[in-house]
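Here is the structure we will look at.
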């Protein structure tokens, strides 16, 4: 069994998470993506328990943020997606799902604006991934970023063509995004997808 799926199924909160977020297409893949992010956020959050909020952008079924409010000592989690999803969001405390387009001018919530927060994005396609990075960089309270790009971006990016040709479109795009946010790029082979790069950035 996949490491992340086994870890998820062993969580006491797993039934509550599934009750909140279901139905989820391709549940195995999405669990591995969410758990990969949650594992890497753990160290940041445990250094300052109940200090951070969490924004889950392009959230889809919001597995990452729902797992986080059950698993980690965070103040709150807000999942944002342009598509409304009718789920049992009320089953998860300290969590809210909001229908918004991340290309709108105001995304982050005024009533939570004085809390340092973490930005995560697992399903941000192409230019939306750049938008997530712009939002993270522009807000002084956004302290950490965890991003899994889910597809190739535009041909024009910061990576020289000779390198793009060598490593392929997806990794070139991830390299470009990582350069934009001054982050750290890693490959997680336990994610059940060929789109398995994780970009991690923090502000001092």
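Residue numbers (this note's numbering): 49 to 252. Idealized CB from N, CA, C, for every residue including glycine.
Start-end ranges of the alpha helix (DSSP H) lying completely within the stretch 124-187, minimum 4 residues | Taking only runs of at least 4 residues, the alpha helix (DSSP H) segments lying wholly in the stretch 124-187 are 175-186.
Exposed unless 16 or more other CB atoms sit within 10 angstroms - verdict on residue 96 | In summary, residue 96 is exposed, with fewer than 16 beta-carbon neighbours lying within 10 Å of its beta-carbon over all protein chains present.
Thinking residue 266 and residue 224 are a contact (beta carbons under 8 Å), I'd like their distance in whole angstroms, please.
-> In the structure as shown, the chain starts at 49 and stops at 252, and residue 266 therefore has no counterpart that could be examined.
Would you tell me roughly how many angstroms separate the C-alpha atoms of residue 209 and residue 222, rounded to the nearest one?
-> Taking the straight line joining both Cα atoms gives about 14 Å.
Cβ contact check for the stretch 57-73 and the stretch 105-118: 3 or more pairs under 8 Å = Segments in contact, yes.
Would you kindly work out how many angstroms separate the C-alpha atoms of residue 134 and residue 228, rounded to a whole number?
-> If you take the alpha carbons of residue 134 and residue 228, they lie about 34 Å apart.
Inter-residue Cα distance where the pair is residue 166 and residue 123 = Near 11 Å, if we compare the C-alpha coordinates of residue 123 and residue 166.
With C-beta atoms as the reference, is residue 168 less than 7 Å away from residue 236?
-> At least 7 Å separates the beta-carbon of residue 168 from that of residue 236.
Residue 120 to residue 90 span [Cα, whole Å] = The C-alpha of residue 120 lies about 7 Å from the C-alpha of residue 90.
DSSP-derived helix/strand/coil call for residue 103 | Residue state, collapsed to three classes: strand.
Between which two residues does the beta strand (DSSP E) harbouring residue 246 extend?
-> First-last of the beta strand (DSSP E) with residue 246: 245-250.
Would DSSP call residue 225 helix, strand or coil?
-> Residue 225 sits in a helix when the DSSP states are folded into three classes.
C-alpha distance - residue 199 paired with residue 211, whole-angstrom precision = Taking C-alpha positions only, residue 199 is separated from residue 211 by approximately 18 Å.
Based on Cα-Cα distance, which residue from 65, 100, 80, 233 lies nearest to residue 140?
-> Of the listed residues, the one whose Cα sits closest to residue 140 is 65.
CB residue 233 to CB residue 244, shorter than 7 Å?
-> No, these two residues do not count as a Cβ contact at 7 Å.
Bounding residues of the beta strand (DSSP E) (the contiguous stretch that carries residue 192) = Under the DSSP assignment, residue 192 falls in the beta strand (DSSP E) whose first and last residues are 190-195.
With DSSP as the reference, please indicate the residues paired to residue 57 in a beta bridge.
-> According to the DSSP secondary-structure assignment, residue 57 is paired through a beta bridge with no residue.
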